[in-house]
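Colleague:
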Amino acid sequence: MDALARELEEAKARQRRAERGLHAARDRAREADRTARDARRRGRRTAAAVERLPAGDSETAGP
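In the working numbering, the protein residues as written are 4 to 66.
This is the structure we're talking about:
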């Protein structure tokens, strides 16, 4: 019985870690969405969007 109780506690701990990871990933996704939305609202590109531009087409390129 002690082994079953220990196994149950370990399973609960794994589930809590997985849920924390899920919440952290969701928070990071929300922050990325907010950053992109704010950048679009200001008429700017995010760093990720600039990385996807063809070479020489960056708005940060000098004259």
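Ideal Cβ placement from N, Cα and C applies to all residues, glycine included. The structure presented is a predicted model; accordingly, all values stated were derived computationally and were not measured.
DSSP state of Leu56, grouped into three classes?
Modeller: Leu56 falls in the coil class under three-state DSSP.
Colleague: Which of helix, strand or coil does DSSP assign to Gly46?
Modeller: It is coil, neither helix nor strand.
Colleague: Can you check whether the CB of Ala42 is closer than 9 Å to the CB of Arg48?
Modeller: Closer than 9 Å, so yes.
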